[in-house]
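*Asks:* Take a look at this one; I'll ask things after.
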Amino acid sequence: MVQHRHFGFAPDGRVVTEYTISNRTGMEMKVIDYGCTITSLKVPDRYGTYEDVVLGFKSMQGYLDSKHYYGCIVGRVANRIANGVFSLDQREYILERNLYPHHLHGGKNGFDKVIWRAEAVQNDMGAGINFYYLSPDGDEGYPGNVNINVQYFLTQENTIQFKYRATTDQKTIINLTQHSYFNLGENNDILNHELYINADKILLLDKTMIPSGELINVRSSPFDFLSSKRIGRAMDSDHELLRIGHGYDQYWVLNNKGNKLSDAARLYDPKSGRVLRVVTSEPGIQLYTGNYLDDLISGKNGASYHPHSGVCLETQQYPDSPNHPEFPSIVLRPDEVYESTTIWKFSAEG
Numbered sequence: 033m034v035q036h037r038h039f040g041f042a043p044d045g046r047v048v049t050e051y052t053i054s055n056r057t058g059m060e061m062k063v064i065d066y067g068c069t070i071t072s073l074k075v076p077d078r079y080g081t082y083e084d085v086v087l088g089f090k091s092m093q094g095y096l097d098s099k100h101y102y103g104c105i106v107g108r109v110a111n112r113i114a115n116g117v118f119s120l121d122q123r124e125y126i127l128e129r130n131l132y133p134h135h136l137h138g139g140k141n142g143f144d145k146v147i148w149r150a151e152a153v154q155n156d157m158g159a160g161i162n163f164y165y166l167s168p169d170g171d172e173g174y175p176g177n178v179n180i181n182v183q184y185f186l187t188q189e190n191t192i193q194f195k196y197r198a199t200t201d202q203k204t205i206i207n208l209t210q211h212s213y214f215n216l217g218e219n220n221d222i223l224n225h226e227l228y229i230n231a232d233k234i235l236l237l238d239k240t241m242i243p244s245g246e247l248i249n250v251r252s253s254p255f256d257f258l259s260s261k262r263i264g265r266a267m268d269s270d271h272e273l274l275r276i277g278h279g280y281d282q283y284w285v286l287n288n289k290g291n292k293l294s295d296a297a298r299l300y301d302p303k304s305g306r307v308l309r310v311v312t313s314e315p316g317i318q319l320y321t322g323n324y325l326d327d328l329i330s331g332k333n334g335a336s337y338h339p340h341s342g343v344c345l346e347t348q349q350y351p352d353s354p355n356h357p358e359f360p361s362i363v364l365r366p367d368e369v370y371e372s373t374t375i376w377k378f379s380a381e382g
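In case it helps, my numbering puts the sequence shown at residues 33 to 382.
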């Protein structure tokens, strides 16, 4: 159920290990301890043929050379923090401005660029990996020593469960997500994939992709995925938000209540019949259609990754939350535990 092999070396010379997790039906996930990165995910189509449905690279060098967060965990805080600045208890913290002038996905050396301690887990329900990392006080500018546990668990029912847990020794902020790019079929792009998102509203963004704080109703707009629609149907729309992001790169506020698990999205590839259903305890989801993919290094099987080669469905808290008191808080205190769950459910329609 769980095997491992040498995958390469991290920039500091440490060995990177790849773990292969499989279930009784034949579904298989491969993940490395560098960034908790999913390197391969083989899922059956309507005919029972297994193919890899995530973008990535066959060797470690590809992950080191790329800047597009293929398949990894991002944090301490996913998405953008405006001008790389936030305040806690009237103290200002300056973060790494790795997408100048803003902070993105935890900074220049975020959780995607460290080796996590890995521990295999297995029971009658399936198998997986527990990943552990201690993010030190001052890491990329964030306060507090933060202990993080992320579990990837593949069940016998072709679902993958992601459980996030963290504690801190001083007040800090945290917002984690998984950043895989999906392409559910042997397609050059994901524009013909059909998508449903359980959300009536998105956040309005400024020209630098920072939320204004205002919510926009999606109905009768290019952002209306309340019924399943082709992703590419309105990609070339004249809507300002699509022009700013060169495609979809927005945050949908889900119609769930509280932090209970509920439906977030459903991705379907008509060609292969593969379906991905996303369930989460998070309040929102960032849809990113790979608008800036431009890697010169070849992907798996010699693939060339270009804009819209894959799509990300990033369950997470609101972007730039520390600078918006009206948004749900992502503050973590020493007497609290950060917990979050997201589930990917795979199936096929004939």
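Each residue gets a CB set at the ideal place from its N, CA and C atoms; glycine is no exception.
Determine, using beta-carbon pairs with one atom in the stretch 92 to 103 and one in the stretch 58 to 72, whether at least three such pairs fall under 8 angstroms.
*Replies:* With the cut-off at 8 angstroms, the stretch 92 to 103 and the stretch 58 to 72 touch.
*Asks:* Kindly indicate the opening and closing residues of the beta strand (DSSP E) around L247.
*Replies:* Run containing L247: 243 to 249, per the beta strand (DSSP E) assignment.
*Asks:* In its own chain, which residues sit with a C-beta less than 8 angstroms from the C-beta of R37, not counting the 5 before and 5 after it?
*Replies:* If we look at R37 and ignore the five residues flanking it on each side, its Cβ neighbours are T49, E50, T52.
*Asks:* What separation, rounded to the nearest whole angstrom, lies between the Cα atoms of G94 and L258?
*Replies:* Cα to Cα, the separation comes out at about 36 angstroms.
*Asks:* Secondary structure at A114, three-state DSSP: helix, strand or coil?
*Replies:* Here A114 sits in helix by DSSP.
*Asks:* If the criterion is Cβ atoms closer than 8 angstroms, does the pair E346 and H211 meet it?
*Replies:* Contact: yes.
*Asks:* Look at H356 and P175 and say whether their C-beta atoms are less than 8 angstroms apart.
*Replies:* In this structure, P175 does not lie closer than 8 angstroms to H356 by Cβ.
*Asks:* At which residues does the alpha helix (DSSP H) containing L96 begin and terminate?
*Replies:* Counting along the chain, the alpha helix (DSSP H) containing L96 begins and ends at 92 to 97.
*Asks:* Using a Cβ-Cβ cutoff of less than 6 angstroms, which residues in the same chain neighbour D97 once the five nearest sequence positions on both sides are dropped?
*Replies:* Contacts found: I329.
*Asks:* Where are the beta strand (DSSP E) runs, 3 residues long or more, that stay fully inside the stretch 175 to 208, in chain order?
*Replies:* Whole beta strand (DSSP E) segments, 3+ residues: 178 to 187, 191 to 200.
*Asks:* What are the start and end residues of the alpha helix (DSSP H) that includes G277?
*Replies:* That run of the alpha helix (DSSP H) goes 272 to 277.
*Asks:* Tell me where the beta strand (DSSP E) around A297 begins and ends.
*Replies:* Run containing A297: 294 to 300, per the beta strand (DSSP E) assignment.
*Asks:* Determine the closest residue to N190 out of L131, A110, A159, D121, with distance taken between C-alpha atoms.
*Replies:* Comparing Cα positions, the closest option is A159.
*Asks:* Buried or exposed for S391, going by 16 or more other Cβ atoms inside 10 Å?
*Replies:* Examination of residue 391 is not possible in this model, given that the chain is present from 33 through 382 alone.
*Asks:* Shortest alpha-carbon distance to P254 belongs to which of L274, V146, G322, T240?
*Replies:* Comparing Cα positions, the closest option is L274.
*Asks:* Over the uninterrupted beta strand (DSSP E) stretch that includes D232, give me the two end residues.
*Replies:* D232 -> beta strand (DSSP E) spans 231 to 237.
*Asks:* So F194 and T374 are supposed to be a Cβ contact under 8 angstroms. How far apart are they, rounded?
*Replies:* The Cβ separation is near 5 angstroms, so the contact holds.
*Asks:* If you run the structure through DSSP and keep just helix, strand and coil, what is K289?
*Replies:* Looking at K289 - three-state DSSP - the assignment turns out to be coil, as it is neither helix nor strand.
*Asks:* Using a Cβ-Cβ cutoff of less than 7 angstroms, which residues in the same chain neighbour F39 once the five nearest sequence positions on both sides are dropped?
*Replies:* V48, T49, E50, I64, M92, listed in sequence order.
*Asks:* Nearest-angstrom Cα distance between Y213 and S269?
*Replies:* If I take the Cα positions, the gap works out to 23 angstroms.
*Asks:* With distances taken from CA atoms, which of C344, V311, V310, I317 is nearest L325?
*Replies:* Checked all of C344, V311, V310, I317; the closest Cα to L325 is C344.
*Asks:* Would you decide whether D201 is buried or exposed? Buried here means 16 or more other CB atoms lie within 10 Å of its CB.
*Replies:* Exposed, since its Cβ has fewer than 16 Cβ neighbours within 10 Å.
*Asks:* According to DSSP, simplified to helix, strand and coil, what is I53?
*Replies:* In this structure, I53 counts as strand in the three-state DSSP scheme.
*Asks:* State yes or no: is the C-beta of G138 within less than 8 angstroms of the C-beta of R112?
*Replies:* Contact: no.
*Asks:* When the Cα atoms are used, what is the spatial distance from E371 to L186?
*Replies:* Rounded to whole angstroms, E371 to L186 spans 19 angstroms at the Cα level.
*Asks:* Grab the span of the beta strand (DSSP E) containing T347 for me, first residue to last.
*Replies:* Its beta strand (DSSP E) spans residues 344 to 348.
*Asks:* Would G67 and D144 qualify as a contact pair, given that the criterion is a beta-carbon distance under 8 angstroms?
*Replies:* A contact, by the Cβ cut-off of 8 angstroms.
*Asks:* CA-CA distance, D84 and E124?
*Replies:* If you take the alpha carbons of D84 and E124, they lie about 44 angstroms apart.
*Asks:* What are the residues that DSSP puts in a beta bridge with L73?
*Replies:* According to DSSP, L73 bridges with M61.
*Asks:* I'd like the list of long-range same chain contacts for I126, defined as Cβ closer than 7 angstroms, with 5 residues on each side in sequence excluded.
*Replies:* Hits under 7 angstroms: G116, V117, G173.
*Asks:* Taking A110 and Q348 to be in contact with their CB atoms under 8 angstroms, please state how far apart those CB atoms are, rounded to whole angstroms.
*Replies:* Indeed they touch by this definition, with Cβ atoms about 5 angstroms apart.
*Asks:* What whole-angstrom Cβ distance do Y280 and L319 have, given they're in contact under 8 angstroms?
*Replies:* Yes, they are in contact, since the Cβ atoms of Y280 and L319 sit about 5 angstroms apart, within 8 angstroms.
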